[in-house]
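Chains A and B, in that order, give the protein sequences.
Take the first sequence: its letter number 89 is residue 89 in my numbering, and every next letter is one higher.
Convert by adding 1000 to the 1-based position in the second sequence; the result is the number in my numbering.
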Amino acid sequence: MKTFFQKWSPPVLMFVMALWFFGQLQPPPDKTFAFTEFGKLPVTANGRIVPLDSLARNALLEIREKQTLNAEPWKGWTEKPRIVSATEWLANVMMNAAVADEWPTFRLDNPDLISLLKLPEKDEAKHSDGKHYSWNQITPAIDAFERENERVQKIEAANRTAYENAVAKLHERLTLYAQLKNAVQPAGMPDWPAELDAFEKMIPAGVAAAKAQQAGQPFDQANFTTFAGFIQNFQYMSSLEPPLLLPPNGTRDWRRMGDALLEAPRGTPVDAGIHDYAKMAGALAANQPDDFNAALKDYQSTLVPTQTKAMAKARAEVFFNQMEPFYNAMVIYVLAGLLAIFSWFNLSETLRRCSVWLISLAFVIHTTGLIYRMVLEGRPPVTNLYSSAIFIGWGACLLGLILEKFYKNGIGAVVASGIGFITLIIAHHLALEGDTMEMMRAVLDTNFWLATHVVAVTVGYASTFVAGFLALIYTLRGFFTRTLDADTGKALARMIYGIVCFATLFSFVGTVLGGIWADQSWGRFWGWDPKENGALIIVLWNALILHLRWGGIIRERGLVNCAIFGNIVTSWSWFGVNMLGIGLHSYGFTEAAFKWLVLFVVSQLAFIALGMLPAKWWKSFKVRTA
Amino acid sequence: MLIKKTVAFFSSLKLTVTLLAFAIVLVFVGTIAQADEGLYGAQAHYFKQWLVVGANFFGHKIPILLPGGYLLGTLLLVNLVCAHIYRFQFTTKKLGIQLAHAGVIVLLVGQLSTDMLSREMQMHFAEGETRNYSESATDYELIFINGDELTAIPNRLLKAGDELKIDSLPFAIRVKSFWKNSDANFRAPMMKNEAPLTTNGVAVNFNFRPLPDVKTMDERNVPTAVFELVAPSGSLGTWAASDWAGDASLVEAMRNSYAQQLGMGMAQKIAGQLVAPQAVEVGGKKFAFTMRPTRVKHNFSLTLLKATHTTYPGTDIPKDFRSRVHIDNPQSGEKRDVEISMNHPLRYGGYTYYQYQMDAGQTVQQAGRRPTSVLSVVRNPSWLTPYIGCAMVGLGLVVQFMYHLVGFVSKRK
Chain A
1 MKTFFQKWSP PVLMFVMALW FFGQLQPPPD KTFAFTEFGK LPVTANGRIV
51 PLDSLARNAL LEIREKQTLN AEPWKGWTEK PRIVSATEWL ANVMMNAAVA
101 DEWPTFRLDN PDLISLLKLP EKDEAKHSDG KHYSWNQITP AIDAFERENE
151 RVQKIEAANR TAYENAVAKL HERLTLYAQL KNAVQPAGMP DWPAELDAFE
201 KMIPAGVAAA KAQQAGQPFD QANFTTFAGF IQNFQYMSSL EPPLLLPPNG
251 TRDWRRMGDA LLEAPRGTPV DAGIHDYAKM AGALAANQPD DFNAALKDYQ
301 STLVPTQTKA MAKARAEVFF NQMEPFYNAM VIYVLAGLLA IFSWFNLSET
351 LRRCSVWLIS LAFVIHTTGL IYRMVLEGRP PVTNLYSSAI FIGWGACLLG
401 LILEKFYKNG IGAVVASGIG FITLIIAHHL ALEGDTMEMM RAVLDTNFWL
451 ATHVVAVTVG YASTFVAGFL ALIYTLRGFF TRTLDADTGK ALARMIYGIV
501 CFATLFSFVG TVLGGIWADQ SWGRFWGWDP KENGALIIVL WNALILHLRW
551 GGIIRERGLV NCAIFGNIVT SWSWFGVNML GIGLHSYGFT EAAFKWLVLF
601 VVSQLAFIAL GMLPAKWWKS FKVRTA
Chain B
1001 MLIKKTVAFF SSLKLTVTLL AFAIVLVFVG TIAQADEGLY GAQAHYFKQW
1051 LVVGANFFGH KIPILLPGGY LLGTLLLVNL VCAHIYRFQF TTKKLGIQLA
1101 HAGVIVLLVG QLSTDMLSRE MQMHFAEGET RNYSESATDY ELIFINGDEL
1151 TAIPNRLLKA GDELKIDSLP FAIRVKSFWK NSDANFRAPM MKNEAPLTTN
1201 GVAVNFNFRP LPDVKTMDER NVPTAVFELV APSGSLGTWA ASDWAGDASL
1251 VEAMRNSYAQ QLGMGMAQKI AGQLVAPQAV EVGGKKFAFT MRPTRVKHNF
1301 SLTLLKATHT TYPGTDIPKD FRSRVHIDNP QSGEKRDVEI SMNHPLRYGG
1351 YTYYQYQMDA GQTVQQAGRR PTSVLSVVRN PSWLTPYIGC AMVGLGLVVQ
1401 FMYHLVGFVS KRK
């Protein structure tokens, strides 16, 4: 009979973690400036409607590799450095650059680049942590940087050194920052509301002066100079192509502030939105929270009648950002995975059950996030490399839970939590590349094929990884511990075999569906494109394992080693082929990913070598005969 | 005895396993080599090949002997068919597996026949232009026109040093050089140039240089041939004929690039000199000649009415490529408009027209160019086989999988 503790501890543990998760859904209330509300304003960026909150988080991820800003990074965590939320940071970049330009926003890791820019090293007294620098610290050396950047831009991305990559990256980050600085107002205008007012008042006089100047007639020099100054500023704003902040108005679609301001002299009245943002900018610069909040409310009320849908979508996305389902699921997967591994050693059923309950919770959160994303995007689950990582983790977790349901030996639980954790970590790093809900390019803009081909192929990846992970468990437990008894070994081999069958089905169907898609969109069923070939290799490899097994050429341990090699084959297809930089699918090139891929492949080869060592060296096989 | 042994060999599982292993190696090597050899080059070297000798691996040449794609495909097919005949059993236990393997046979046969029978071409046109032919993207022809009579010499016959005698032409063609891919540059009169290739025709004003073959699918080779025409009465001179002059879209591209440096007026003049007709006269007959992509005539015509390229608001991310086309078929009396876009091809008259490339949208408008569209034109009689094969394998594997799963679950219960 189970004791009370054994019976109730798993649900209680799950309940505690669920409370922890729900506790994070509500952001802390704004004390002074309503930055949280500000973050819910809809704008258009990357071709889609996003809340300013997403714009802020994605920009900070790109520039600083974190979703928040530490304004005092030289302080230790015990000294409570000031943490600035993404929206507060963005509000200041866009409308109060004097403050934002002092914040250490830019993350720099390359020592050569740091010395090129003559930036201070780590020194607490000088308020430098040696990694994060402000716009104002970087810009004094901008000429030297521009020279280097010009040289680097001519080098193909694949041939750049680490330093040159750092230069190119900083260039992208500075450009993004400059775009944001010029999204609401010309960067560095201290009193924007007053300047805007002056500009509007002088439009008739300015236009008259400009017309007279062009016609070669006498004109008012002072008016002409001031007016030309405004126009130049606005032209610069729009030339940077910042996000489109102004909502549709009558016949006009979403527009950039700069473009709208340039239209004003042509007789188009200045949008109410420009005034509302200007009021917010003025209040923020003057440190008047009440005025800021009032101007924000005004602007929101003007949006309500026409932009109801955009506002609802923006709010929904802010909630999603706040929920951080994948990050939270990741934390719970780690906990669950550790519990499951401990359960192998003391064979505690309670620990195993705790782990399964926690994985179920994480899986529910993972699923919620996945579905929420699909609804936000209006797309099937996999649209890019980032979402493929999320989906592989989800599929592997589901398979792991099913295995655990049948075998109840803690193995499925470790697979579920292990792959769940690893894939979400990968997704977390892929998110550093920018907006993860980017729009689909013309040829990919078809939900039917995304829902069939891409999902099937991704399930194929997920299941091949599950088989490989099971095989790793076999080797590690068999070699290093005595816990791999004959029954567990047989059960593992049977699981691997079943999963390989499943993987063959999905990778085959997925690959051929891809061919049919290609036939539909450019008349070529098979084009030997690297990504196609990668998927084909997975199919061939899985088919090869099955035939080797059927022919009795491999047995239990051979199957295990083949399944581990499946990990290499799948990671090659998932990431490796993208790094060749050729073909139709070469979309997700990431520098850092290459290093990790090599490490992964080497580690898997090491495990295979381990798996091939004679049985007498295996701890588990000393006890029994293999 | 020997027959039995042969059959046993060809239907053996060991052969299957060996072939699959070789296939994996071949596909891997053939993928890596694309970085060095390009997609077309790698296809020809590894996949559309019986035996692969030597390979490129991350910029290094490695001595390796591999069975090529054709050989592996054929052997796998033989292996599958033999195994099917030799070991066929009609039992529920094996039903799924049998179906899946039959599906693989359909796929392999389909791909081999596609490889032999399918033809890929392109149709380039600007808005308002009408085409009743498609052009090859890889093959070219040197054509001679005398009135209504056209003689086309495919590029594979143009080998440096060869002399070609063709019945319909009153002269022989001595090929001096043939460059599969070449570059053309205007010989600016003010600058000191090296001596021209020849002192006749287009070569007076343009320098042609050989270039390495293109590597990606989106680029194409632009061939140039230099040859001497020899009539019985004597030489008619050495001439250059280049696809640079024969292909309207290339002429336009060259004009546009010169327009940026020298202004449109000058660029028009240069383009005019590039396309200036070249001809020789023999016995009172005039033979005009040029190099152009190989053409296939259709008995209907397509007119590009409108090419649209839309992007997502505020970005350069392409949202949609779309060509509105008018079909005019004098035989059936059909006159109608259709839209061709990404993922929505037009299947007509045994050909399929896919949206391939496009030069349209705001930037084109601003630059004052005419919007153009390129359709990929494919004729593939076996296009249905992958659909059937995939359905068979998918169904077969599902049947087999469910059979095992049901057995597994009921056993545990």
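The C-beta atom is built at its ideal place from N, Cα and C for all residues, glycine as well.
{"Asked": "Measure the beta-carbon distance from A/Thr452 to A/Leu513 and round it to whole angstroms, keeping in mind my assumption that it falls under 8 Å.", "Found": "5 Å"}
{"Asked": "What does a CB cutoff of less than 8 Å around B/Leu1026 pick up in its chain, not counting 5 residues either side in sequence?", "Found": "Tyr1046, Phe1047, Val1052, Leu1066, Pro1067, Gly1068, Gly1069 and Leu1072"}
{"Asked": "How about B/Met1266: is its C-beta nearer than 8 Å to some C-beta of chain A?", "Found": "no"}
{"Asked": "In its own chain, which residues sit with a C-beta less than 6 Å from the C-beta of A/Asn92, not counting the 5 before and 5 after it?", "Found": "Val99 and Ala100"}
{"Asked": "Applying a beta-carbon distance threshold of less than 9 Å, which residues of chain B neighbour A/Ile553?", "Found": "Leu1013, Lys1014 and Val1017"}
{"Asked": "Since A/Ala413 and A/Val356 are thought to touch, with beta carbons under 8 Å apart, how far apart are those beta carbons, to the nearest angstrom?", "Found": "6 Å"}
{"Asked": "Near A/Asn223, which residues of its chain fall below 6 Å by C-beta distance, leaving aside the five closest residues on each side in sequence?", "Found": "Ala205, Gly206 and Ala209"}
{"Asked": "In angstroms with no decimal places, state the Cα-to-Cα distance between A/Lys126 and A/Arg173.", "Found": "24 Å"}
{"Asked": "Could you confirm whether any beta carbon from chain B is found closer than 8 Å to the beta carbon of A/Ala178?", "Found": "no"}
{"Asked": "Name the two residues that bound the continuous alpha helix (DSSP H) containing A/Phe429.", "Found": "Looking at the sequence shown, residue 429 of chain A is not Phe but His. Start and end: Ile411 to Leu430."}
{"Asked": "For B/Gly1237, report the span of its beta strand (DSSP E) as first-last.", "Found": "Gly1234 to Ser1242"}
{"Asked": "For a minimum of 3 consecutive residues, which ranges assigned as the beta strand (DSSP E) are wholly contained in the stretch 206–254 of chain A?", "Found": "none"}
{"Asked": "Answer yes or no: does any C-beta atom of chain B fall closer than 8 Å to that of A/Pro27?", "Found": "no"}
{"Asked": "To which residues of the same chain is B/Phe1125 closer than 7 Å at the C-beta, ignoring the five residues directly before and after it?", "Found": "Arg1131, Leu1304, Thr1372 and Ser1373"}
{"Asked": "Need the endpoints of the beta strand (DSSP E) that B/Gly1054 sits in, please.", "Found": "Leu1051 to Phe1057"}
{"Asked": "Contact between the stretch 568–576 of chain A and the stretch 457–473 of chain A: three or more CB pairs below 8 Å?", "Found": "yes"}
{"Asked": "Against chain A, which members of the stretch 1305–1335 of chain B pass a CB distance test of less than 7 Å?", "Found": "Tyr1312, Pro1313, Gly1314, Thr1315, Ile1317, Pro1318, Lys1319, Asp1320 and Phe1321"}
{"Asked": "In chain A, which residues lie with their C-beta within 7 Å of the C-beta of B/Arg1087?", "Found": "Per Cβ cutoff of 7 Å: no residues; B/Arg1087 is ~12 Å from chain A at best."}
{"Asked": "Taking C-beta pairs closer than 7 Å, name the residues in chain B that A/Ile537 reaches, listed in chain order.", "Found": "Ile1024, Val1027 and Phe1028"}
{"Asked": "If you measure from the beta carbon of A/Gln520 to each beta carbon in chain B, is any gap under 8 Å?", "Found": "yes"}
{"Asked": "Per the contact definition of three or more C-beta pairs closer than 8 Å, is the stretch 1151–1165 of chain B in contact with the stretch 1193–1212 of chain B?", "Found": "no"}
{"Asked": "From the beta carbon of A/Gly515, is the nearest beta carbon of chain B less than 8 Å away?", "Found": "yes"}
{"Asked": "Would you mind sorting B/Asn1185 into buried or exposed? The rule is 16 or more other CB atoms within 10 Å of its CB.", "Found": "exposed"}
{"Asked": "How far does the alpha helix (DSSP H) with B/Met1123 in it extend, from its first residue to its last?", "Found": "Element bounds for B/Met1123: not the alpha helix (DSSP H) but the beta strand (DSSP E), Arg1119 to Ala1126."}
{"Asked": "So, does the CB of A/Phe589 fall closer than 8 Å to a CB anywhere in chain B?", "Found": "At A/Phe589 the pLDDT is 48, less than 50, meaning the model places this residue with poor confidence and gives no usable figure here."}
{"Asked": "Which of the three DSSP states, helix, strand or coil, is assigned to B/Phe1178?", "Found": "strand"}
{"Asked": "Out of curiosity, what's the CA-to-CA distance linking A/Ser85 and A/Ala493?", "Found": "50 Å"}
{"Asked": "Taking only beta-carbon positions, decide if A/Val509 is within less than 8 Å of chain B.", "Found": "yes"}
{"Asked": "Going residue by residue through the stretch 288–317 of chain A, where are the continuous alpha helix (DSSP H) segments of at least 4 residues, counting only ones entirely within it?", "Found": "289–306"}
{"Asked": "What residue range is occupied by the uninterrupted alpha helix (DSSP H) comprising A/Leu470?", "Found": "Val455 to Phe480"}
{"Asked": "I'd like the list of long-range same chain contacts for A/Arg524, defined as Cβ closer than 6 Å, with 5 residues on each side in sequence excluded.", "Found": "Ala518"}
{"Asked": "Can you find a CB in chain B that lies within less than 8 Å of the CB of A/Arg627?", "Found": "Absent from the structure is residue 627 of chain A, since the part of chain A shown begins at 1 and ends at 626."}
{"Asked": "Step through the CB atoms of chain A and report whether any lies within less than 8 Å of the CB of B/Arg966.", "Found": "Chain B is shown only over 1001 to 1413; residue 966 of chain B falls outside these bounds and no answer can be derived."}
{"Asked": "From this set, B/Asp1247, B/Val1202, B/Thr1352 and B/Thr1016, which residue's C-alpha is nearest B/His1298's C-alpha?", "Found": "B/Thr1352"}
{"Asked": "Determine, using beta carbons only, whether A/Gly523 comes closer than 8 Å to chain B.", "Found": "yes"}
{"Asked": "Does A/Val459 come within less than 8 Å of chain B when only Cβ atoms are used?", "Found": "no"}
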